[in-house]
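Number of protein chains: 2
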Amino acid sequence: MPPIRDHRTLKPTDPTTDTIALRPNFRQQGFWNPTHVFAHERGARIHRMDLNECPYPPSPKVLAAIASAAPDLNRYPDGTCPVLTGRLSERLDIPAAQICWGAGSTQLLTAVAQIAVDSGQELVAPALIWRRFCGVFDVVDAALRTVPNRDDGSIDVQGLLNAIGNRTRLLLVVTPNNPTGLMLSHDELSLLAEHTPQNTLLFVDEAYFEFAAYAGGPDALDILKHRHGPWVVTRTFSKAYALAGLRLGYALCSSGAIANALRLVTSTFNLAGVAEAAALAALDDPDYTQMILRTTAIERERLTTGMRALGLSPMDSVTNFIGVDAGMDAGYVVRAMRERGIRIATFGYEAAGTCIRVSTGLPEDTDAFLGALKEVLTSAG
Amino acid sequence: MPPIRDHRTLKPTDPTTDTIALRPNFRQQGFWNPTHVFAHERGARIHRMDLNECPYPPSPKVLAAIASAAPDLNRYPDGTCPVLTGRLSERLDIPAAQICWGAGSTQLLTAVAQIAVDSGQELVAPALIWRRFCGVFDVVDAALRTVPNRDDGSIDVQGLLNAIGNRTRLLLVVTPNNPTGLMLSHDELSLLAEHTPQNTLLFVDEAYFEFAAYAGGPDALDILKHRHGPWVVTRTFSKAYALAGLRLGYALCSSGAIANALRLVTSTFNLAGVAEAAALAALDDPDYTQMILRTTAIERERLTTGMRALGLSPMDSVTNFIGVDAGMDAGYVVRAMRERGIRIATFGYEAAGTCIRVSTGLPEDTDAFLGALKEVLTSAG
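Protein sequences appear in the order of chains Y and G. Quick note on the numbering used here: the first sequence kicks off at 1 and runs consecutively. Quick note on the numbering used here: the second sequence kicks off at 382 and runs consecutively.
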């Protein structure tokens with residue numbers, strides 16, 4: 001290793017010059033790292049209830065599949081995941097050519113906006129939406145027209161349709177929505193599918209699809225298949241399959257043309273070499289997935305009941321997280337909880353300044369969260 | 382699983398309508414899958430000498446690190462790779478804030494173009510360049526000004542500088558270049574670093590850096606550190622560390638502002654949860670990397686000598702692949718070799734229509750390649 005020199009001896013490039021080399025929408029961007037571990041947290045027990053992760057490790061069958069595939073990591077994998085695509089094509093009754101894979105559905109979120117929206121055009125979305133989408137909107141440099149959510153946090157579907165204008169190229173909804181955990185009804189999805197214009201891409205992010213299905217919710221895909229116009233649905237192996245770290249999500253598209261455009265943006269080699277084998281093993285272990293869905297529902301109920309006992313009114317989530325108005329500054333609550341070893345999230349928007357979001361975890365995470373929240377609400381009161 | 386229905390019973394969306402929803406540069410894009418396995422190849426021995434992969438599996442230490450990290454794949458990893466970044470920061474003498482990680486350096490190639498070049502602006506690059514960059518140029522929808530390579534395939538550095546105009550925002554070189562295997566000299570890199578204007582991002586892709594260093598080549602980073610103007614260098618764990626399937630590359634940037642812009646485009650969660658641990662283990666096993674570099678040089682020499690014996694004049698590569706003019710249509714040669722179980726590549730450009738590219742492999746791959754190539758050249762003659 002070369003000797004460690006003092007960085008101050010380097011003559012750095014003038015930051016002003018560097019910024020000139022960036023497109024205007026990329027200048028002076030900060031970077032927020034949601035997984036950052038503060039110095040005082042190192043070695044301490046942390047209850048991670050801020051990223052809507054599954055608290056259980058991947059299925060033992062998945063871990064065996066990864067170990068079996070790892071010696072081939074010197075090779076580039078086939079990013080079209082031919083076996084897995086065939087499986088989903090049958091299961092979901094959609095041609096294989098209309099299925100595209102992403103390094104997590106997160107990669108596909110940006111990609112969908114990139115293929116559809118030019119600078120100066122417009123996206124329409126609910127005001128309350130997963131805050132990661134703010135990064136997406138920055139990347140495409142398009143105008144964002146937001147529609148306020150209803151008082152109960154639900155999405156105003158008619159309001160979204162009314163907001164569509166001549167320059168609108170993309171209408172985006174997340175269902176079940178993040179950070180509220182609320183889902184659109186069959187009728188609301190049908191209304192969107194029918195009335196979103198044919199020159200507007202209807203994008204439905206279903207990252208929490210499996211949880212919604214377990215709760216008896218509608219299947220956006222079945223509704224969109226009857227739409228006369230372009231659409232994309234995104235789903236992921238990150239949540240119900242306990243594979244957030246695998247980075248594997250997929251887009252179901254109304255045509256092969258849209259899927260090909262997504263493949264172009266996400267690049268030929270975007271998936272880890274162990275991803276397809278791991279996903280197939282996860283699909284082959286439905287008992288494990290059922291265990292995750294069942295325990296998630298149990299802890300969600302315990303969190304909800306516990307928060308009600310503290311005088312709060314949690315939203316009616318069907319997912320592995322719950323939104324709730326804490327009645328005091330959300331940033332304060334998040335910091336105070338973090339000091340107690342519990343990580344939770346704000347809603348990420350000024351307008352929802354007293355709302356927090358907590359992910360379901362293990363039973364001990366629920367206990368720790370409720371105990372700490374009681375302290376925080378009481379001490380601030 | 383739901384019953385398998387005939388896809389023809391679906392009423393598909395009108396493809397014309399779907400295309401209207403796409404930005405013009407994304408319409409009617411084909412998709413080329415370089416890893417596709419043809420029906421007749423299934424189960425057969427295939428010599429993969431077309432993707433510049435390492436023929437050896439990852440180091441046993443890397444496989445152990447992956448197995449150890451896999452049970453945490455239910456969690457999102459820290460995409461800033463703090464420990465690995467600290468290691469590289471010391472080793473390369475560059476502040477950690479100027480290091481950004483990508484899902485392979487491939488993801489960063491598109492990202493670098495996206496942060497710097499608006500629609501209607503311009504990129505300058507050599508005509509002979511890795512053909513994956515064509516996908517990059519499609520994505521950013523910018524004008525591409527190419528500069529012919531010299532007769533020996535090398536990059537015309539002065540020509541690149543002369544081609545820079547008022548609308549040029551990015552100057553791109555790959556060194557050692559793909560598909561030629563030739564590298565820029567210290568003086569050529571210095572010329573680029575000094576004379577590329579301050580409002581133009583100088584992008585040097587060093588995917589084959591370790592091979593060049595092993596051959597005594599210059600280090601672009603050391604030269605760029607003295608540039609007065611923005612720059613990015615990309616490198617990868619895909620090649621010399623036998624980890625193409627891990628998807629881990631990095632960008633070294635002239636400023637934290639550029640690194641942050643790249644982080645925004647590549648999204649917060651772009652890396653697999655096992656990537657950082659695997660890369661650290663790879664860095665901790667320099668003997669294995671040296672074995673890869675040494676055997677690569679040996680097989681490269683055997684391939685070169687063997688092709689010369691067949692009357693060809695292979696280019697003077699320092700990498701794990703060799704470019705050579707086969708003297709007959711490259712597409713024909715690639716197909717004829719593939720029929721014999723050997724996968725190689727064309728240069729990917731009409732203008733280089735008789736040039737092929739072969740990756741180094743195991744000794745038996747070299748033998749199989751030379752035997753088959755003799756057949757192909759003779760039978761066509």
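C-beta: ideal position from N, C-alpha, C; glycine also. The structure presented is a predicted model; accordingly, all values stated were derived computationally and were not measured.
- With contacts defined as CB atoms closer than 7 Å, V614/G and L551/G fail to qualify as a contacting pair.
- Its Cα nearest to that of C355/Y, the residue M328/Y stands out among T175/Y, M328/Y, R145/Y.
- Against chain G, the beta carbon of H36/Y has neighbours under 9 Å at D459, T461, P463, listed in chain order.
- Neighbourhood of T268/Y in chain G, by CB distance below 9 Å: F412, W413, N414, P415, T416, T487, R513, G516, in chain order.
- Around the Cβ of F419/G, a 10 Å sphere holds fewer than 16 other Cβ atoms; the residue is exposed.
- If you ignore the 5 residues before and after D459/G, its C-beta comes within less than 8 Å of the C-beta of E657, all in its own chain and listed in chain order.
- Residues of the stretch 34-63 of chain Y whose Cβ lies closer than 9 Å to any Cβ of chain G, in chain order: P34, T35, H36, V37, R48, L51, E53, C54, P55, Y56, P57, P58, V62, L63.
- Contact of D399/G with chain Y is assigned, a C-beta pair being separated by under 7 Å.
- Considering only L377/Y, D138/Y, V204/Y, the residue with the shortest C-alpha distance to S119/Y is D138/Y.
- Interface flag for L22/Y against chain G is set, since a Cβ pair is found closer than 7 Å.
- The Cβ-Cβ distance between A402/G and P230/Y falls below 7 Å.
- If you draw a straight line from the Cα of M183/Y to the Cα of I673/G, it comes to about 52 Å.
- Interface flag for F211/Y against chain G is unset, since no Cβ pair is found closer than 7 Å.
- One Cα belongs to S571/G, the other to D600/G, and the distance between them is close to 11 Å.
- For I447/G, the chain Y residues whose Cβ falls inside 9 Å of its Cβ are I66, A67, A70, L73, V274, in order along the chain.
- Per DSSP, R738/G lies in no alpha helix (DSSP H) segment; the continuous beta strand (DSSP E) that holds it begins and ends at 736-740.
- Within chain Y, L73, N74 have C-beta atoms less than 8 Å from the C-beta of L624/G, given in sequence order.
- Residue environment: G165/Y is assigned as exposed (fewer than 16 neighbouring CB atoms within 10 Å of its CB, all protein chains considered).
- For Y214/Y, the enclosing alpha helix (DSSP H) covers residues 209-214.
- Sequence-distant Cβ neighbours of D50/Y in its own chain, meaning closer than 6 Å and more than five residues away, are R343, I344, A345.
- Taking 8 Å as the upper bound for CB-CB distance, Y250/Y and C100/Y are in contact here, some 7 Å apart.
- Counting along the chain, T266/Y sits inside the alpha helix (DSSP H) bounded by residues 256-266.
- Beta-bridge analysis with DSSP links I99/Y to L252/Y.
- If you draw a straight line from the Cα of R145/Y to the Cα of Q198/Y, it is about 19 Å long.
- Closer than 7 Å to the CB of V204/Y there is not a single CB belonging to chain G.
- A direct Cα-Cα distance of roughly 56 Å separates A690/G from F31/Y.
- Separation of the CB atoms of P452/G and P57/Y is rounded to 4 Å, and the pair is thereby assigned contact status at 8 Å.
- The three-state reading of DSSP puts V334/Y in helix, counting H, G and I together.
- Straight across, the Cα-Cα distance linking E591/G with L629/G is about 15 Å.
- Two segments are said to touch when three or more pairs of C-beta atoms, one from each, lie closer than 8 Å; by this definition the stretch 736-746 of chain G touches the stretch 698-714 of chain G.
- Straight-line spacing of the CA atoms in T168/Y and R719/G works out to 47 Å.
- Taking the beta carbon of V173/Y as reference, no residue of chain G falls within 7 Å; the closest one sits roughly 16 Å away.
- By the Cβ-count criterion, P507/G is buried, with 16 or more other Cβ atoms from all chains shown falling within 10 Å of its own Cβ.
- The beta carbon of T466/G sits closer than 6 Å to the beta carbons of A477, I480 from its chain, once the five residues preceding and following it are set aside; these are given in chain order.
- Annotation: the continuous alpha helix (DSSP H) that includes V140/Y extends over 132-140.
- Note: R526/G is bridge-paired with V505/G in the DSSP secondary-structure output.
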